[in-house]
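Residue numbers (UniProt numbering): 1 to 54.
Structure representation (structure tokens):
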């Protein structure tokens, strides 16, 4: 049982590292996302008014 627990722990850490590398790839793509926020909103752009609950 200890061996099984140890193996599960090792596999979990390995999976966490793989997820971490995927997050790094996402962070690398952020400059593209920033380019979408840079353009100014046209002055004649009208937003929809959402209902407000009181």
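Cβ atoms here follow ideal geometry from the backbone N, Cα and C, with glycine treated the same way.
Counting only residues of its own chain and dropping the five nearest sequence neighbours on each side, residue 3 has no CB closer than 7 Å to any other CB. Here residue 2 carries a helix assignment [DSSP, helix/strand/coil].
In the structure shown, the three-state DSSP call for residue 53 is coil.
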